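**Q** In the working numbering, the protein residues as written are 5 to 414.
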């Protein structure tokens with residue numbers, strides 16, 4: 005199983021690396037050609053649309069991945085097509101709501117930093133890219149991991165080429181953004197073609213079509229979990245700046261967050277690779293018995309490596325070179341929290357593979373509340389990082405207790 009996880013992780017890493025680096029490389033190049041106001045609008049529109057796209061269908065993608073991997077029969081086709089219809093409807097409703105109220109809100113939030121010309125192409129890009137990410141998750145669930153990685157990588161290249169060609173065709177912000185839309189739309193078309201190739205053929209007779217379990221409640225629970233975790237870093241940053249804290253505290257917290265997100269990259273990819281494999285052994289004890297020792301080993305190894313790196317954190321701070329990084333204890337707690345990431349990712353995907361979406365969502369809410377509550381009580385940047393570490397350790401213990409009973413073999 006671990007050899008397959010490594011193979012899947014390698015493919016997902018390659019696709020994600022290309023898909024992320026290519027658009028940002030073009031953004032950097034365009035920053036040398038556009039004026040400051042246009043580049044700020046382009047960056048805000050790109051990041052906002054990409055985050056909104058990932059949130060729009062992330063929960064549906066997670067649930068669909070698990071269901072497609074667990075069901076090896078012809079019902080997968082109906083399940084995938086229904087998920088695509090639901091994703092299209094939800095993304096369309098969300099886009100319509102944003103179109104109705106989003107432009108004034110965005111203008112109030114960013115003021116003169118966001119050119120109104122950037123709003124509509126950013127919305128169109130977010131709609132197309134959200135469906136592309138949903139299809140990539142579905143391909144992962146269908147065990148077509150190479151096609152999933154290809155879609156994400158080519159999608160990023162399409163966005164980069166679209167922005168570049170748009171700028172060349174009509175120098176300026178609006179042309180570059182509509183080029184981005186063209187690249188995202190092309191990646192969506194590629195995703196539909198790859199999904200059609202990966203799906204099983206239609207059932208010959210209705211009686212053999214199988215059943216497609218309703219997943220609406222699971223999607224709602226998964227959405228709740230995403231909604232609990234995604235804004236935590238923003239809320240923590242707001243708490244750090246309370247009571248007139250100096251700007252250096254916020255700068256230090258954000259610098260640590262950048263390192264933390266970078267360290268979470270590999271555990272996230274391992275989790276994406278693991279979920280379809282666990283789901284394929286739905287309610288089977290063999291995969292769970294093979295996984296559990298690695299959960300404890302990864303937790304121990306992660307904390308050990310974090311402790312060794314944090315013993316003398318000065319070298320790490322000097323290596324990164326960000327002048328905002330000055331607090332050694334905050335760095336230590338951040339490294340320890342990141343060291344728990346792989347173990348928590350393994351346990352979280354075990355919950356999802358067992359379809360325990362409600363406990364996973366409630367535990368995510370509990371983790372967020374403990375993180376923010378303890379961080380606020382301890383105070384400061386170091387206190388906030390320590391609060392996250394304590395919350396992660398308690399979450400680890402809770403999920404281990406919840407999943408300690410192995411499922412019955414079927």
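Glycine included, each C-beta is placed from N, C-alpha and C at the ideal position.
Computed from a predicted model, the values in this text were never measured in an experiment.
With a Cβ-Cβ cutoff of 7 Å, do residue 191 and residue 162 count as a contact?
**A** The answer is yes: Cβ separation under 7 Å.
**Q** If you draw a straight line from the alpha carbon of residue 132 to that of residue 185, how long is it in whole angstroms?
**A** If I take the Cα positions, the gap works out to 8 Å.
**Q** Helix, strand or coil for residue 344, going by three-state DSSP, please let me know.
**A** In this structure, residue 344 counts as coil in the three-state DSSP scheme.
**Q** Mind listing, in chain order, the continuous alpha helix (DSSP H) runs of no fewer than 4 residues lying wholly within the stretch 139-176?
**A** Segments of the alpha helix (DSSP H) lying fully in the stretch 139-176: 149-173.
**Q** If you draw a straight line from the C-alpha of residue 12 to the C-alpha of residue 269, how long is it?
**A** Roughly 14 Å between the two C-alpha positions.
**Q** Apart from the five residues on each side of it in sequence, which residues of its chain come closer than 6 Å, Cβ to Cβ, to residue 22?
**A** Closer than 6 Å at the Cβ level, and outside the excluded window around residue 22, lie 157, 160.
**Q** How would you label residue 408, buried or exposed, when you count the other beta carbons within 10 angstroms and need 16 or more for buried?
**A** When all chains shown are included, residue 408 counts as exposed.
**Q** Can you tell me the Cα-Cα spacing of residue 148 and residue 327, whole angstroms?
**A** Taking the straight line joining both Cα atoms gives about 44 Å.
**Q** Using DSSP with H/G/I as helix, E/B as strand and the rest coil, what is residue 253?
**A** Note: residue 253 maps to helix in three-state DSSP.
**Q** Taking the alpha-carbon positions, what's the residue 375 to residue 391 distance?
**A** Roughly 5 Å separates the two Cα atoms.
**Q** Between residue 153 and residue 15, which are expected to be in contact by the criterion C-beta below 8 Å, what is the C-beta distance as a whole number of angstroms?
**A** Sure, about 4 Å apart at Cβ, within 8 Å.
**Q** Could you please give the first and the last residue of the uninterrupted alpha helix (DSSP H) stretch that includes residue 383?
**A** No alpha helix (DSSP H) holds residue 383; DSSP gives it neither H nor E.
**Q** For residue 358 and residue 253, what's the separation of their Cα atoms in angstroms?
**A** If I take the Cα positions, the gap works out to 41 Å.
**Q** Output yes or no for whether 7 Å exceeds the beta carbon distance between residue 244 and residue 257.
**A** Going by C-beta atoms, residue 244 is nearer than 7 Å to residue 257.
**Q** Give me the Cα-Cα distance between residue 437 and residue 84, rounded to the nearest whole angstrom.
**A** Nothing can be reported for residue 437, as the shown portion of the chain is limited to 5 through 414.
**Q** Taking the C-alpha atoms as reference points, what is the distance between residue 42 and residue 306?
**A** If I take the Cα positions, the gap works out to 43 Å.
**Q** Kindly indicate which three-state DSSP category residue 297 falls into: helix, strand or coil?
**A** DSSP places residue 297 in helix when its eight states are reduced to three.
**Q** Could you check the C-alpha separation between residue 317 and residue 128 for me, to the nearest Å?
**A** Cα to Cα, residue 317 sits roughly 44 Å from residue 128.
**Q** Please identify the residue among 143, 370, 125, 35 whose C-alpha is closest to the C-alpha of residue 204.
**A** Per the Cα distances, 143.
**Q** Determine the DSSP secondary structure at residue 75, reduced to helix, strand or coil.
**A** Three-state DSSP puts residue 75 in coil, outside helix and strand.
**Q** Could you give the C-beta distance for residue 70 and residue 170, rounded to a whole number, given that I count them as a contact under 8 Å?
**A** So it is not a contact: roughly 38 Å between Cβ atoms.
**Q** Is DSSP giving residue 235 helix, strand or coil here?
**A** The answer is coil: DSSP assigns residue 235 none of H, G, I, E or B.
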